[in-house]
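Asker: So that we are looking at the same thing, I have put the structure below in structure tokens.
There are 2 protein chains.
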Amino acid sequence: MSEANLAVSAHEVSSSIDFRRRLRERQQLVTRALDEQFPPGSGPLTAAIREAVLADGKRLRPILCLEACEWVGGSLKAALPAACAIEMIHKMSLVHDDLPAMDDAETRNGRPALHKVHGEALAILAGDALLVHAFGLLASIRAVPAERVLGAISRLCQALGTAGLAGGQALDVLSQSEDVTPEKLDHVHTWKTASFFEAAMVIGAEVGGADASQVEALARYGKLLGRAFQISDDLLDARDVKALAHGEATNYVQLHGVDGARRKLRELLDQAVSALASNKRGALPLLAGLAELVWERSWRPAEGPHGNDT
Amino acid sequence: MSEANLAVSAHEVSSSIDFRRRLRERQQLVTRALDEQFPPGSGPLTAAIREAVLADGKRLRPILCLEACEWVGGSLKAALPAACAIEMIHKMSLVHDDLPAMDDAETRNGRPALHKVHGEALAILAGDALLVHAFGLLASIRAVPAERVLGAISRLCQALGTAGLAGGQALDVLSQSEDVTPEKLDHVHTWKTASFFEAAMVIGAEVGGADASQVEALARYGKLLGRAFQISDDLLDARDVKALAHGEATNYVQLHGVDGARRKLRELLDQAVSALASNKRGALPLLAGLAELVWERSWRPAEGPHGNDT
Chain A
1 MSEANLAVSA HEVSSSIDFR RRLRERQQLV TRALDEQFPP GSGPLTAAIR
51 EAVLADGKRL RPILCLEACE WVGGSLKAAL PAACAIEMIH KMSLVHDDLP
101 AMDDAETRNG RPALHKVHGE ALAILAGDAL LVHAFGLLAS IRAVPAERVL
151 GAISRLCQAL GTAGLAGGQA LDVLSQSEDV TPEKLDHVHT WKTASFFEAA
201 MVIGAEVGGA DASQVEALAR YGKLLGRAFQ ISDDLLDARD VKALAHGEAT
251 NYVQLHGVDG ARRKLRELLD QAVSALASNK RGALPLLAGL AELVWERSWR
301 PAEGPHGNDT
Chain B
1 MSEANLAVSA HEVSSSIDFR RRLRERQQLV TRALDEQFPP GSGPLTAAIR
51 EAVLADGKRL RPILCLEACE WVGGSLKAAL PAACAIEMIH KMSLVHDDLP
101 AMDDAETRNG RPALHKVHGE ALAILAGDAL LVHAFGLLAS IRAVPAERVL
151 GAISRLCQAL GTAGLAGGQA LDVLSQSEDV TPEKLDHVHT WKTASFFEAA
201 MVIGAEVGGA DASQVEALAR YGKLLGRAFQ ISDDLLDARD VKALAHGEAT
251 NYVQLHGVDG ARRKLRELLD QAVSALASNK RGALPLLAGL AELVWERSWR
301 PAEGPHGNDT
């Protein structure tokens, strides 16, 4: 299948009723599983975590993990704890990001940021505990050989540490007052977002029993989708010209313009879907559709009630 | 061996030259391994982590982990990554504890707190990355079966999450303005300190290839030593009468008096050493000596140059 054909069929998928239904089912599956992890009435720390985790049910990253598992023929049941762990880590990064010392965000997805409701101390601890619970959940996976689970944890840690999410955040925090080059921005995008998307796919693949070439293909899809996602984020941010003028120097649109950003976005998404098409299983409709959703979100009008965190 | 005899021999051990030399060797072993984990010249985030991890070389918790491994006949080499992970997590908790939103500490062990040197954002990220690297290091252990490693990670996560370290910190943060009962204080002590000491022992035991009864004995020693350590901490804090009057309501000495605290401390330490004596291997000199060190530190004069963080 050519790349042009893939893009067309991906668009057909993303607007189909089947795709939307399947997406909703996956979202609900993850949300229910998270809900059970942090039962109500378990004290103030768990209450704060519960709020952070249950808010915003789009669940993009855990769905990537589930789909990667299914793509290699694994069962959803095996991947669900891993998917929940991925979402917990994502929410942990948002909670810590929103802190006054970091992005100093007042709101998240149209609701007060966690530290605004529960105070900074509880927000810091909620993030720490979320990270711990995520690893605990991964370590509890028994549906696949223990070596595979350890391998998945190792890969995840690489994506989250000093040469991953935390390193990317640090680079982002420290580079606000400096000139940002295109290379540096790619670096930040990869560390902050693409590595984590990649890890979500790899973990899903590992618990699904993938072979090395399947892991490779899914990792490539994840990394490309992650870079695309970050550019779509920057396109959304660029709608707000005032914010852009206010020193948001780490924005792809500032460096490459709106047209340049959109061209790159389309290119990355097509490459992502192609990465899967080269494998004999092809791109599962949902993975192709998800890539298309990232394209569509970059066109979202500015007056939407929700934030960027698809 | 009776408890009275154990206490006498433990004191002899703790003041012996052999014990002091062995302790120093273990400290240096852990410090060298940590030094290799975070090489200099790897960017500002790693530099901040390096400072946090290399400062204060007492290494009590990782040494517990190493000794537990040796007690069951395991090799130091197998336990060293686990011991480093334990120390990274300990340092992470200190870095986040010291933040303005938490304890708002200006100094740590006589040096400026990490956020005072590198800013709050980098201190938050350094803590997050330390937690991640600790789990990555644990997941890399191949000297024992993968199931054992996963079991150790699970146990550690229990000790760190909402019903462990993070939960204890939250309880501590939230209860400063309330009346603290003896039961609640025991709860905070167990969650904040004893569970982590216990986990350090259990992980050492697991990577050493312990059987269930050995794990049980070492866990009991760790838990009792942890509770004792927290009381010795409170005795140290109580030297500063001004700080105590200033609402430090979560202090054992305020609830039970200096004599009551010291009696309980002695009782817990003797029980800790007995927990190991009941096993046929007996208490290794170093584990008995470490218990005695906790006793000795509670008598430390107020004008020492270092903080409480033995």
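Chains as they are written, first to last, in full-length UniProt numbering: chain A, 1 to 310; chain B, 1 to 310. Think of the CB as a built atom: it goes at the ideal place given N, C-alpha and C, for glycine as much as any other residue. Values in this document were obtained by computation on a predicted structure and should not be read as measured data.
Who are the neighbours of residue 275 of chain A on chain B, taking C-beta pairs under 8 Å?
Answerer: The premise fails here: residue 275 of chain A is roughly 26 Å from chain B at the closest Cβ pair, so nothing lies under 8 Å.
Asker: So, with DSSP's three-state summary, where would you put residue 112 of chain A?
Answerer: In the structure shown, residue 112 of chain A sits in a strand (DSSP, three-state: E or B).
Asker: The segment 172–201 of chain A: which residues have C-beta closer than 8 Å to a C-beta of chain B, in chain order?
Answerer: Going along the segment 172–201 of chain A in chain order, one finds 173, 174 with a Cβ nearer than 8 Å to chain B.
Asker: Expressed to the nearest angstrom, what Euclidean distance is found between the alpha-carbon atoms of residue 295 of chain A and residue 288 of chain A?
Answerer: When rounded, the distance between both Cα atoms is 11 Å.
Asker: How about the segment 158–176 of chain A and the segment 111–124 of chain A: do they share at least three Cβ pairs that are nearer than 8 Å?
Answerer: Result no; under three Cβ-Cβ pairs closer than 8 Å.
Asker: By how many angstroms is the C-alpha of residue 283 of chain A removed from the C-alpha of residue 310 of chain A?
Answerer: Any reading at residue 310 of chain A needs caution, since the residue's pLDDT is 47, under 50, leaving its predicted position unreliable; the model's value is listed next. Computed Cα separation, rounded: 21 Å.
Asker: In the structure shown, what three-state DSSP assignment does residue 181 of chain B receive?
Answerer: Correct three-state label for residue 181 of chain B: coil.
Asker: In this structure, how does DSSP classify residue 240 of chain A when only helix, strand and coil are distinguished?
Answerer: If DSSP states are grouped into helix, strand and coil, residue 240 of chain A belongs with coil.
Asker: I'd like to know whether the C-beta of residue 161 of chain A is nearer than 8 Å to at least one C-beta of chain B.
Answerer: Yes, residue 161 of chain A counts as interfacial toward chain B.
Asker: Check each candidate in B:196, B:276, B:231 and name the one with the smallest Cα separation from residue 87 of chain B.
Answerer: Answer by Cα proximity: B:196.
Asker: Would you say residue 388 of chain A faces chain B, with C-beta separation under 8 Å as the test?
Answerer: Past the boundaries of the shown model lies residue 388 of chain A; chain A is included only from 1 to 310, so the question cannot be answered.
Asker: Strictly under 8 Å for the Cβ-Cβ distance: is residue 147 of chain B near chain A by that measure?
Answerer: True, the Cβ-Cβ gap to chain A drops below 8 Å.
Asker: Can you tell which of B:297, B:268, B:81 has the C-alpha that lies nearest to the C-alpha of residue 223 of chain B?
Answerer: With distances taken between Cα atoms, residue 223 of chain B lies closest to B:268.
Asker: Starting from the Cα of residue 258 of chain B, find the closest Cα among B:276, B:94, B:272, B:237 and give me that residue.
Answerer: Taking only the C-alpha atoms, the option nearest residue 258 of chain B is B:237.
Asker: Please list the partners that residue 47 of chain B has in chain A, where partner means a Cβ-to-Cβ separation under 7 Å.
Answerer: Here the premise fails: no neighbours, minimum Cβ distance about 10 Å.
Asker: Kindly indicate the opening and closing residues of the alpha helix (DSSP H) around residue 62 of chain A.
Answerer: Counting along the chain, the alpha helix (DSSP H) containing residue 62 of chain A begins and ends at 60–71.
Asker: Would residue 219 of chain A and residue 201 of chain A qualify as a contact pair, given that the criterion is a beta-carbon distance under 8 Å?
Answerer: Cβ atoms of residue 219 of chain A and residue 201 of chain A: closer than 8 Å.
Asker: Can you check whether the CB of residue 124 of chain B is closer than 8 Å to the CB of residue 92 of chain A?
Answerer: Result no, Cβ atoms of residue 92 of chain A and residue 124 of chain B do not sit closer than 8 Å.
Asker: Quickly, what does DSSP pair residue 162 of chain B with across the bridge? List them, please.
Answerer: The partner list for residue 162 of chain B (beta bridge, DSSP) is empty, contrary to what the question assumes.
Asker: Using only the alpha-carbon positions, how far apart do residue 234 of chain B and residue 254 of chain B sit?
Answerer: Distance between the alpha carbons of residue 234 of chain B and residue 254 of chain B is about 9 Å.
Asker: Which residues of chain B have a Cβ atom closer than 7 Å to the Cβ of residue 170 of chain A, listed in chain order?
Answerer: Per Cβ cutoff of 7 Å: 44, 45, 122, 125.
Asker: Let me make sure I understand the geometry here. Which of A:221, A:194, A:147, A:181 has the alpha-carbon closest to that of residue 251 of chain A?
Answerer: Considering only alpha carbons, the answer is A:181.
Asker: Alpha carbon to alpha carbon, how far is residue 203 of chain A from residue 66 of chain A?
Answerer: C-alpha separation (whole angstroms): 9 Å.
Asker: Is the CB of residue 135 of chain B under 8 Å away from at least one CB in chain A?
Answerer: It does; some Cβ of chain A falls within 8 Å.
Asker: With residue 92 of chain A as the anchor, note down where its alpha helix (DSSP H) starts and where it stops.
Answerer: It spans 76–97 - the alpha helix (DSSP H) in which residue 92 of chain A sits, taken as one unbroken run.
Asker: Using a C-beta cutoff of 8 Å, does residue 20 of chain B count as contacting chain A?
Answerer: No, no contact with chain A.
Asker: Does residue 132 of chain B have its Cβ less than 8 Å from a Cβ in chain A?
Answerer: Taking Cβ atoms only, chain A reaches closer than 8 Å to residue 132 of chain B, which makes this a yes.
Asker: Determine, using beta-carbon pairs with one atom in the segment 30–39 of chain B and one in the segment 55–72 of chain B, whether at least three such pairs fall under 8 Å.
Answerer: Yes: at least three Cβ pairs fall under 8 Å.
Asker: Could you tell me whether the Cβ of residue 226 of chain A comes closer than 8 Å to any Cβ of chain B?
Answerer: Closer than 8 Å: no.
Asker: Give the residues of chain B in contact with residue 153 of chain A, contact being defined as C-beta atoms less than 7 Å apart.
Answerer: In chain order: 135, 139.
Asker: For the 8 Å Cβ check, are there 3 or more pairs between the segment 94–111 of chain A and the segment 67–84 of chain A?
Answerer: Cβ pair count under 8 Å is below three, so no.
Asker: Closer than 7 Å, Cβ to any Cβ of chain B: which residues of the segment 83–99 of chain A, in chain order?
Answerer: Going along the segment 83–99 of chain A in chain order, one finds 96, 99 with a Cβ nearer than 7 Å to chain B.
Asker: In whole angstroms, give me the CA-to-CA distance for residue 43 of chain A and residue 143 of chain A.
Answerer: The alpha-carbon atoms of residue 43 of chain A and residue 143 of chain A are separated by roughly 31 Å.
Asker: Look at the Cβ atom of residue 69 of chain B, then the Cβ atom of residue 207 of chain B, and state whether they are nearer than 8 Å.
Answerer: Closer than 8 Å, so yes.
Asker: Taking residue 301 of chain A as the reference, which of A:153, A:189, A:99, A:232 has the closest Cα?
Answerer: Of A:153, A:189, A:99, A:232, the residue nearest in Cα terms is A:232.
Asker: Can you tell me where the alpha helix (DSSP H) holding residue 103 of chain B begins and where it ends?
Answerer: Where residue 103 of chain B is concerned, there is no enclosing alpha helix (DSSP H), given that its DSSP letter is neither H nor E.
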